[in-house]
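Participant: Numbering (my numbering), first residue to last: 1 to 582. Here it is: the structure, laid out below.
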Amino acid sequence: MTRIAAVNNQKLKDMERKRHIASMCPVNRGGAECMYVEGSKLLINEELCIGCGICHNLEPETIAIINLPEELQETPVHHYGQNEFRLYNLPIPMFGKVVGIIGRNGIGKSTAIKILAGVLKPNLGEFLAEAGYAQLIDFFKGTEAQGFFEKLRDGKITVAYKPQQIELIPKSASGKVKELLSRIDEKGELANVSAALGITQILSHDIRSVSGGELQRVAIAATVLRKANLYIFDELTSYLDMKQRLSVSRFIKSLADSETAVMVVEHDLIILDSLSDLIHMMYGKEDAYGVVSMPKSTKAGINEYLSGYLREENVRFRDKKITFEPKQGVEHKEEFVLISWSGVAKRLDSFSLAAESGQLSKGDVVGVLGENGIGKTTFVKILAGVLERDSGKIDPLVKVSYKPQYLDSDSEELVMAALSQAISKYSNQLVHSLDIKPLYTKKLCELSGGELQRVSIVACLSQDAQLYLLDEPSAYLDVEQRLMVSKVLRDFMQLKGATALVVDHDLLFIDYVSDRIAVFEGAPALHGSVHGPFSMEGGMTRFLKALSITFRRDEVSHRPRANKEGSVKDREQREKGRYYYS
Numbered sequence: 001m002t003r004i005a006a007v008n009n010q011k012l013k014d015m016e017r018k019r020h021i022a023s024m025c026p027v028n029r030g031g032a033e034c035m036y037v038e039g040s041k042l043l044i045n046e047e048l049c050i051g052c053g054i055c056h057n058l059e060p061e062t063i064a065i066i067n068l069p070e071e072l073q074e075t076p077v078h079h080y081g082q083n084e085f086r087l088y089n090l091p092i093p094m095f096g097k098v099v100g101i102i103g104r105n106g107i108g109k110s111t112a113i114k115i116l117a118g119v120l121k122p123n124l125g126e127f128l129a130e131a132g133y134a135q136l137i138d139f140f141k142g143t144e145a146q147g148f149f150e151k152l153r154d155g156k157i158t159v160a161y162k163p164q165q166i167e168l169i170p171k172s173a174s175g176k177v178k179e180l181l182s183r184i185d186e187k188g189e190l191a192n193v194s195a196a197l198g199i200t201q202i203l204s205h206d207i208r209s210v211s212g213g214e215l216q217r218v219a220i221a222a223t224v225l226r227k228a229n230l231y232i233f234d235e236l237t238s239y240l241d242m243k244q245r246l247s248v249s250r251f252i253k254s255l256a257d258s259e260t261a262v263m264v265v266e267h268d269l270i271i272l273d274s275l276s277d278l279i280h281m282m283y284g285k286e287d288a289y290g291v292v293s294m295p296k297s298t299k300a301g302i303n304e305y306l307s308g309y310l311r312e313e314n315v316r317f318r319d320k321k322i323t324f325e326p327k328q329g330v331e332h333k334e335e336f337v338l339i340s341w342s343g344v345a346k347r348l349d350s351f352s353l354a355a356e357s358g359q360l361s362k363g364d365v366v367g368v369l370g371e372n373g374i375g376k377t378t379f380v381k382i383l384a385g386v387l388e389r390d391s392g393k394i395d396p397l398v399k400v401s402y403k404p405q406y407l408d409s410d411s412e413e414l415v416m417a418a419l420s421q422a423i424s425k426y427s428n429q430l431v432h433s434l435d436i437k438p439l440y441t442k443k444l445c446e447l448s449g450g451e452l453q454r455v456s457i458v459a460c461l462s463q464d465a466q467l468y469l470l471d472e473p474s475a476y477l478d479v480e481q482r483l484m485v486s487k488v489l490r491d492f493m494q495l496k497g498a499t500a501l502v503v504d505h506d507l508l509f510i511d512y513v514s515d516r517i518a519v520f521e522g523a524p525a526l527h528g529s530v531h532g533p534f535s536m537e538g539g540m541t542r543f544l545k546a547l548s549i550t551f552r553r554d555e556v557s558h559r560p561r562a563n564k565e566g567s568v569k570d571r572e573q574r575e576k577g578r579y580y581y582s
């Protein structure tokens with residue numbers, strides 16, 4: 001059995017602590033040097049390690065000793081350095097197909113596709129040297145990967161790659177959107193691609209002034225405009241609303257043909273399900289190692305991922321199944337009303353918002369759906385007291401805790417200080433459930449997007465309030481984190497007898513977390529109106545009907561799935577007016 005050790009020396013900074021841990025190693029006490037300090041790093045000799053677990057018990061958040069499954073080949077495709085992350089196996093593109101990749105954050109998804117895109121040179125475990133094509137072809141001999149690297153070597157595959165961190169684009173590029181896209185338009189299709197992605201109206205805008213959703217579509221356009229036969233997209237739905245996600249996914253799917261392959265990393269399971277033909281799952285231990293599974297059909301692959309067990313590989317990578325229970329209608333009772341509104345109106349420049357009437361009940365989790373630029377955040381800010389309404393009534397005034405859409409990441413404050421109230425009052429319910437403890441000694445400005453999101457959610461929920469307002473809490477989170485947040489949120493509302501209003505674009509997340517649904521309608525950037533809250537079926541039906549899409553329940557996991565337009569199931573549900581099956 002192969003044993004690997006992972007040490008996070010960025011988190012474990014105390015030199016005295018490192019020397020103390022090394023002194024406790026039984027192999028070291030026996031005269032050998034299994035653990036040692038070299039420069040500023042604590043290192044572990046994996047060949048001498050006996051897997052006693054003492055070092056892990058002393059530092060569970062920074063040291064991991066892992067016995068790999070016997071089925072894994074001993075040599076990783078890539079190894080970042082001694083006691084650092086390793087990647088085993090690679091996902092392989094297929095011409096004429098969209099291949100999806102699903103897995104937790106920190107498990108190597110971006111590493112894998114960077115290797116395929118040629119951005120990162122694999123080293124086959126020798127972290128001081130890069131592997132050439134001859135070594136890679138020999139390493140993958142007899143597999144689909146051999147053929148891929150042979151074609152890459154021979155220039156038969158050209159790759160276009162959209163990275164995950166699109167927010168870095170305005171920091172490295174300047175000028176009008178049209179100028180930037182024209183420079184890389186190798187196909188001469190700027191007008192067609194811009195129209196397909198809905199960015200024609202912003203071509204004259206400066207790249208540094210566009211919104212997150214616009215920037216995402218500009219990045220997708222920049223990728224597609226290159227002459228390539230392998231297109232790779234790392235998280236293509238961030239910042240996009242559901243209408244935009246569906247439109248973009250249809251466009252991406254249309255790229256795949258007999259001469260073109262597409263690969264996508266995505267956390268929105270509904271989009272991944274409707275977009276992909278095949279799925280690679282990735283499992284392992286975050287920041288320690290990642291393994292790429294064999295390709296599976298999309299339906300079977302997602303269901304196996306939710307079950308936590310890969311049948312063909314005979315690998316269990318999660319203790320619990322993730323299941324979706326059919327939603328029971330929540331009956332509204334007048335005596336349990338927490339807050340109501342009537343005739344609320346707000347104008348911001350050329351945009352106007354109207355909320356005629358509605359109410360939230362105690363203990364409810366209400367999901368909010370609607371396009372970008374239609375007033376969801378404006379309404380939440382009015383309820384939170386951040387914005388003053390122009391007219392109308394909100395009754396009564398209640399204690400509110402608000403997590404904004406855009407998170408402040410400039411603070412030098414330590415996580416453990418920022419969350420002192422949550423740590424003292426809700427250690428099990430919030431801190432442990434959302435895996436915050438490993439972040440205690442990090443500064444807020446050092447957190448990744450997903451880490452900052454989880455910290456912000458905990459900070460919001462730990463406040464003493466009657467109404468919790470969360471704007472896009474699923475952003476930057478992986479699939480498992482999204483579903484864990486939804487479970488924590490529901491359980492916490494029941495524990496406190498409080499109410500939550502949750503704005504999000506991930507329909508699976510909204511389906512999982514919500515008791516009822518509020519729908520925003522109108523014209524983006526011009527006017528919006530608030531409707532509901534409705535029952536789950538009423539709200540989802542109203543929203544999905546406007547998108548002209550029907551949803552069914554998977555017979556195995558009961559997760560919501562989009563029907564293929566024009567399919568028998570789609571036609572049947574439309575005829576019955578059942579756009580959403582609860």
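The C-beta atom is built at its ideal place from N, Cα and C for all residues, glycine as well. As the structure is a prediction and not an experimental result, all values here were calculated from the model.
1) Please report how far the alpha carbon of G147 lies from the alpha carbon of I220, in whole angstroms.
2) Just to confirm before moving on: does the CB-CB distance between D471 and V503 stay below 9 angstroms?
3) Reducing DSSP to helix, strand and coil, say where K333 ends up.
4) Taking its Cβ as the centre, do 16 or more other Cβ atoms sit within 10 Å of R389, making it buried, or is it exposed?
5) Is it buried or exposed, H280, if we count other Cβ atoms within 10 angstroms and call 16 or more buried?
6) Please go through the same chain and pick out, in chain order, the residues whose beta-carbon is closer than 7 angstroms to the beta-carbon of N28, but skip the five residues on each side of it.
7) Count the other CB atoms, across all protein chains shown, that sit within 10 Å of the CB of N105; report buried if there are 16 or more and exposed otherwise.
8) With N28 as the anchor, note down where its alpha helix (DSSP H) starts and where it stops.
9) Please go through the region 36-93 and give each complete beta strand (DSSP E) segment of 3 or more residues, from N-terminal end onward.
10) Leaving out the 5 sequence neighbours to the left and right, which residues in its chain are closer than 6 angstroms to R578 when beta-carbon positions are compared?
11) If you reduce the DSSP assignment to three classes, tell me which class G449 lands in.
12) Taking the alpha carbon of D14 as the point to measure from, which residue in V224, T441 and D506 has its own alpha carbon closest?
13) Tell me the rounded alpha-carbon separation between S557 and N303.
14) Given a cut-off of 9 angstroms, decide if V193 and E235 are closer than it, judged by their beta-carbon atoms.
15) Should the region 224-235 be called in touch with the region 440-460, which here means at least 3 C-beta pairs below 8 angstroms?
16) Does Y406 pass the burial test, meaning 16 or more other C-beta atoms within 10 Å, or should it be called exposed?
17) Just the Cα atoms here: how many angstroms apart are L495 and S307?
18) Considering just the uninterrupted stretch of the beta strand (DSSP E) at S646, what are its terminal residues?
19) Within 10 Å of its beta-carbon, does T75 have 16 or more other beta-carbons around it, so buried, or fewer, so exposed?
20) Using only CA atoms, which one of E286, R316, T378 and I44 lies nearest to P524?
21) Based on Cα-Cα distance, which residue from S182, D277 and S254 lies nearest to V98?
22) Kindly indicate the opening and closing residues of the alpha helix (DSSP H) around Q494.
23) Just verifying my parser: in three-state terms, what is the DSSP assignment at L397?
24) Tell whether a beta-carbon distance below 9 angstroms holds between Y239 and G212.
25) Counting along the chain, where does the alpha helix (DSSP H) carrying M536 start and finish?
26) What does the alpha-carbon distance come out to for the pair T158 and A129?
Facilitator: With the given structure in hand:
1) The sequence position of residue 147 within the sequence shown is 147, counting from 1. The sequence position of residue 220 within the sequence shown is 220, counting from 1. For G147 and I220, the distance between alpha carbons rounds to 27 angstroms.
2) In the sequence shown, the residue the question calls residue 471 occupies position 471. In the sequence shown, the residue the question calls residue 503 occupies position 503. Yes, these two residues count as a Cβ contact at 9 angstroms.
3) Counting from one through the sequence shown, the residue named residue 333 turns up at place 333. With a pLDDT of 49 at K333, under the threshold of 50, the predicted position of this residue should be treated as unreliable, though the coordinate-derived value follows. Correct three-state label for K333: coil.
4) For this step, residue 389 is matched to residue 389 along the sequence shown. R389 should be labelled buried.
5) The residue given as residue 280 occupies position 280 in the sequence shown. With 16 or more other Cβ atoms within 10 Å, it is buried.
6) Counted from its first residue, the sequence shown places residue 28 at position 28. A22, C34 and M35.
7) Residue numbering aside, residue 105 sits at position 105 when the sequence shown is read from its first letter. Buried, since its Cβ has 16 or more Cβ neighbours within 10 Å.
8) Taking the sequence shown and counting its residues from 1, the one referred to as residue 28 is at position 28. Taken as a continuous stretch (DSSP letters only), the alpha helix (DSSP H) holding N28 covers P26 to R29.
9) 41-44, 63-67 and 86-88
10) Translated into positions along the sequence shown, residue 578 becomes position 578. Hits under 6 angstroms: none found.
11) In the sequence shown, residue 449 corresponds to position 449, counting from 1. G449 falls in the helix class under three-state DSSP.
12) Position 14 of the sequence shown holds residue 14. Looking at the Cα atoms, T441 is the closest of the given residues.
13) In the sequence shown, residue 557 corresponds to position 557, counting from 1. In the sequence shown, residue 303 corresponds to position 303, counting from 1. Spanning the two alpha carbons is a distance of roughly 6 angstroms.
14) In the sequence shown, the residue the question calls residue 235 occupies position 235. In the sequence shown, the residue the question calls residue 193 occupies position 193. No, they are not a contact pair.
15) no
16) Counting from one through the sequence shown, the residue named residue 406 turns up at place 406. Label assigned to Y406: exposed.
17) In the sequence shown, counting from the first residue as 1, residue 495 sits at position 495. In the sequence shown, counting from the first residue as 1, residue 307 sits at position 307. Their backbone Cα atoms lie some 27 angstroms apart in a straight line.
18) Past the edges of the chain, shown from 1 to 582, lies residue 646, and the structure says nothing about it.
19) Counting from one through the sequence shown, the residue named residue 75 turns up at place 75. Flag for T75 reads exposed.
20) Translated into positions along the sequence shown, residue 524 becomes position 524. Cα-wise, what sits closest to P524 is T378.
21) For this step, residue 98 is matched to residue 98 along the sequence shown. Comparing Cα positions, the closest option is D277.
22) If you number the sequence shown from 1, residue 494 lands on position 494. Run containing Q494: V479 to K496, per the alpha helix (DSSP H) assignment.
23) Taking the sequence shown and counting its residues from 1, the one referred to as residue 397 is at position 397. If DSSP states are grouped into helix, strand and coil, L397 belongs with coil.
24) The residue given as residue 239 occupies position 239 in the sequence shown. The residue given as residue 212 occupies position 212 in the sequence shown. Yes.
25) Within the sequence shown, numbered from 1, the residue matching residue 536 stands at position 536. Here the alpha helix (DSSP H) through M536 covers M536 to L547.
26) If you number the sequence shown from 1, residue 158 lands on position 158. If you number the sequence shown from 1, residue 129 lands on position 129. Taking the straight line from one Cα to the other gives about 24 angstroms.
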